[in-house]
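Novice: For the record, the sequence lines run as chains A and B.
Mapped onto numbering that gives the first Met the number 0, the consecutive letters of the first sequence carry residue numbers 0 to 187.
Mapped onto numbering that gives the first Met the number 0, the consecutive letters of the second sequence carry residue numbers 0 to 187.
There are 2 protein chains.
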Amino acid sequence: MGRWKPGAGDRLREAALSLYLERGFEQTMVADIAERAGVTARTFFRYFADKREVLFGDSSALEEEALAALEGVPATTSALDAVAAVLDTVARMVGGDRELARKRQTVIMANADLRERELIKLTSLSAALADRLRQRGIDDIEASLAAETSIAVFRVAFSRWVTATDDQDLQDIIRQTLDRLRTLAAGR
Amino acid sequence: MGRWKPGAGDRLREAALSLYLERGFEQTMVADIAERAGVTARTFFRYFADKREVLFGDSSALEEEALAALEGVPATTSALDAVAAVLDTVARMVGGDRELARKRQTVIMANADLRERELIKLTSLSAALADRLRQRGIDDIEASLAAETSIAVFRVAFSRWVTATDDQDLQDIIRQTLDRLRTLAAGR
DNA sequence: CACGGTGATGTCATCAAGTGACATCGCGCG
DNA sequence: CGCGCGATGTCACTTGATGACATCACCGTG
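(1) If we define contact as Cβ-Cβ less than 7 Å, is I172 of chain A a contact residue for chain B?
(2) What residue range is occupied by the uninterrupted alpha helix (DSSP H) comprising E102 of chain B?
(3) Contact criterion: CB-CB distance below 7 Å. Does R181 of chain B meet it with respect to chain A?
(4) Could you give the first and the last residue of the continuous alpha helix (DSSP H) run that contains T176 of chain A?
(5) Please tell me whether S77 of chain B has its Cβ less than 7 Å away from any Cβ of chain A.
(6) Can you list the alpha helix (DSSP H) stretches of 4 or more residues lying completely in the region 21 to 92 of chain A, in chain order?
(7) Could you tell me the alpha carbon to alpha carbon distance between M108 of chain A and A156 of chain A, rounded to whole angstroms?
(8) With A163 of chain B as the anchor, note down where its alpha helix (DSSP H) starts and where it stops.
(9) How about the region 147 to 156 of chain B and the region 95 to 111 of chain B: do they share at least three Cβ pairs that are nearer than 8 Å?
(10) Helix or strand or just coil, what does DSSP make of G94 of chain B?
(11) CB F47 of chain B to CB V38 of chain B, shorter than 7 Å?
(12) Out of curiosity, what's the CA-to-CA distance linking I119 of chain B and R2 of chain A?
(13) Just mark S143 of chain A as buried or exposed, buried being the case when its beta carbon has 16 or more other beta carbons within 10 Å.
(14) Looking at the C-beta of G186 of chain B, does it have a partner C-beta in chain A at a distance below 7 Å?
(15) What separation, rounded to the nearest whole angstrom, lies between the Cα atoms of A163 of chain A and T76 of chain B?
(16) Does the beta carbon of L86 of chain B come closer than 7 Å to any beta carbon on chain A?
(17) Just to confirm my understanding: we take S125 of chain B, look at its own chain, exclude 5 residues before and 5 after, and list those with CB closer than 6 Å. What are they?
(18) To the nearest angstrom, how far is the alpha carbon of R114 of chain B from that of D112 of chain A?
(19) Is it buried or exposed, E21 of chain A, if we count other Cβ atoms within 10 angstroms and call 16 or more buried?
(20) Using only the alpha-carbon positions, how far apart do T88 of chain B and A83 of chain A sit?
(21) Whose Cβ in chain B lies nearer than 7 Å to the Cβ of D143 of chain A?
(22) What residues in its chain sit with their C-beta under 8 Å from that of F44 of chain B, if we drop five residues either side in the sequence?
(23) Q26 of chain B to Q104 of chain A, Cα distance in whole Å?
(24) Are the C-beta of W151 of chain A and some C-beta of chain B separated by less than 7 Å?
(25) Give me the chain B residues within the contact set of T176 of chain A, using Cβ-Cβ distance strictly less than 8 Å, ordered along the chain.
(26) Would you report the Cα separation of L169 of chain A and F55 of chain B, rounded to the nearest angstrom?
(27) Starting from the Cα of A81 of chain B, find the closest Cα among B:A33, B:G136 and B:D57 and give me that residue.
(28) Can a CB atom of chain B be found closer than 7 Å to the CB of I119 of chain A?
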């Protein structure tokens, strides 16, 4: 341990989220976050690449787990079913704390830059997913399509979950949404 | 007409695209673009909200046309078929000049910030689309799902079109991709 | 125990994006 | 002719982000 209180990264994360909630993302300066966390602005950028990234730190862990979940699925499973399994895992990771999810979502939806960052995280997951599906021997288009579709389903389901008044399970909502997609696409 | 050569906006657009191609997006400074266009950096920001937006100026026109296309579809049409009609219109607008599309895509794919912006444009279209579908009396989930799905199809198809070596029509590729999705979702 | 290395942080300088306030001046209108 | 408008320039400033170098508690080693 050095001269300083440990856990600077966590302190910065907490400081940022609370400040973003209090005054909004744009109105919060990096210097403010750093001050509340008891460090300098320069240190903030040693932990997070930019002001937005502080809200998306766990998403790489999420991606890893999601891809790991894919490994566990039998090779004979169809693309869409494999993707369903992945979504199930993602739901388990994200669906734990709805209050936290709501807070995050409130901040993110209130700012265009944050919405952009959120999207690219999902898309990055989609790309990785498609890649693994292709490695499983699934045809190129089908792999991309299944991956992109999973993102579509997730977005719709997540939004529903976050805004729901009752306490439905995210996993359930995702399954329902995927079913809806199946019937929708089958239609006509 | 004022003291200055007219068409500053167009000149800025051209200057920006060529510079982004020559040295890359990050290596290009707004001052460079402005200089090549024969104006000041301040003027650049009077035409474009930021350095990225210069590549996405037409996307609002695209969105308008897409939504207009939706109006032309009979009210009895299913959500997915309505969305298919919209995609057809989008394809007609975007699919004209593949060389230009390739240039744009080259620049965009080479930079994370631009990829983010591209995504949010599509998502904005998706949101608007879902909104109109809901206004047509289509159920909430189904509307969102159809809209998000259309984006998925478009992304897959567009990527395929841009990288294709033969000169397939974007509209055809989109139709094929949508069919693939139908069978994919119906599967099992 | 002194000493040097290391890692996390601070300090300072600098660049580039973006914005607000105000000046400038050709053009067209009354 | 003179006046106002609109497009642009000029200037000052804030903020995000990054590189270079200094600092110093801690740790191990001789």
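Even for Gly, the Cβ is constructed at its ideal location relative to N, Cα and C.
Here the structure is a predicted model, which is why all the values come from computation and not from measurement.
Specialist: Let me spell this out:
(1) no
(2) Correcting the residue type first, residue 102 of chain B is Lys in the shown sequence and not Glu. Unbroken alpha helix (DSSP H) run through K102 of chain B: R97 to M108.
(3) yes
(4) L169 to A185
(5) yes
(6) 29 to 36, 40 to 46 and 58 to 70
(7) 16 Å
(8) Neither: A163 of chain B is in no alpha helix (DSSP H) and is coded neither H nor E.
(9) no
(10) Annotated three-state conformation of G94 of chain B is coil, per DSSP.
(11) no
(12) 43 Å
(13) buried
(14) Chain A contact via Cβ: present.
(15) 29 Å
(16) no
(17) Cβ-Cβ distances below 6 Å link S125 of chain B to A146, E147 and I150 in the same chain, with the five nearest sequence neighbours on each side left out; the list follows chain order.
(18) 12 Å
(19) exposed
(20) 31 Å
(21) The amino acid occupying residue 143 of chain A in the given sequence is Ser; Asp does not appear at that position. Those within 7 Å of S143 of chain A in chain B are V155.
(22) V29
(23) 33 Å
(24) According to the sequence provided, residue 151 of chain A is Ala. The question's Trp does not apply to it. So, interface residue.
(25) The answer, in chain order, is I140 and L144.
(26) 35 Å
(27) Each of B:A33, B:G136 and B:D57 was checked against the Cα of A81 of chain B, and the nearest Cα belongs to B:G136.
(28) yes
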